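Single-structure report; data block below.
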Amino acid sequence: EARFVELLDRRFKADRWEAWLRAVPRATRLTCLFAVAPDVLHRHDDGSVYGDPEATYARFSEYAPLLRELRYRVAFVSQDGCTPALVPWDDIDCLAVGGSDGWKLSPPSVALIREAQDRGLWTHMLRCQARESIGGRIGAAHALGMDSGDGTVLARDPSRLARVTRGLDALNAQIPL
Numbered sequence: 110e111a112r113f114v115e116l117l118d119r120r121f122k123a124d125r126w127e128a129w130l131r132a133v134p135r136a137t138r139l140t141c142l143f144a145v146a147p148d149v150l151h152r153h154d155d156g157s158v159y160g161d162p163e164a165t166y167a168r169f170s171e172y173a174p175l176l177r178e179l180r181y182r183v184a185f186v187s188q189d190g191c192t193p194a195l196v197p198w199d200d201i202d203c204l205a206v207g208g209s210d211g212w213k214l215s216p217p218s219v220a221l222i223r224e225a226q227d228r229g230l231w232t233h234m235l236r237c238q239a240r241e242s243i244g245g246r247i248g249a250a251h252a253l254g255m256d257s258g259d260g261t262v263l264a265r266d267p268s269r270l271a272r273v274t275r276g277l278d279a280l281n282a283q284i285p286l
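If you count the sequence shown from 1, you need to add 109 to reach this note's numbering.
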């Protein structure tokens, strides 16, 4: 397992990440919703990747001070198996919900989302994948009252912009129950 962690950690280049953060003009930094403190990923023998909530928590204390120094709002990534004790609640502005597809909408993850919301923190769903329909994770994130989400569907297929926009418009037009 250590070999897989080492391989993934080699992909994260702290100096490049820091240079990118510093290159953003200060005025722009102040308008960013948040910057994510780097999480820790592992790779299974089958090639699939999973997050490590304990290691992510440990890494947070290494990188969050830099984000604060640069005047970013700080996000912590919750991943499969994350517990309230592993979230540095007093040191974050945003809970970024990562991990596997199954984790994102699981009862323990929803409990973390609710706690973040109760604390007045921003909530963001990573890899939300805004498809042209209102179903899936984007619809679930909306139903949970998440503040934002992201995905790569348009980066991979820009021709879907009109369909994605229609789906998001339909989602926004829904009347809350």
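Where a beta carbon is used, it is the ideal one built from N, C-alpha and C, also for glycine.
Please read these numbers as outputs of a predicted model, since none were measured by experiment.
Backbone secondary structure at Leu179 - three-state DSSP: coil
Sequence-distant residues of its chain with Cβ nearer than 6 Å to Ser257 (five each side left out): His233
Classification of Gln188 by the beta-carbon crowding that lies within 10 angstroms, buried from 16 upward: buried
C-beta atoms of Val262 and Leu235 nearer than 8 Å: no
Supposed close pair Ala194, Tyr172 - CB separation, criterion 8 Å: Not confirmed; about 20 Å, so no contact.
Anticipated Cβ contact below 8 Å, Gly156 with Gly208, distance rounded: Their Cβ separation, rounded to whole angstroms, is 17 Å, which puts Gly156 and Gly208 out of contact at 8 Å.
Per-residue DSSP class, three states only, for Ser218: helix
Helix, strand or coil at Leu139 according to DSSP, with G and I counted as helix: coil
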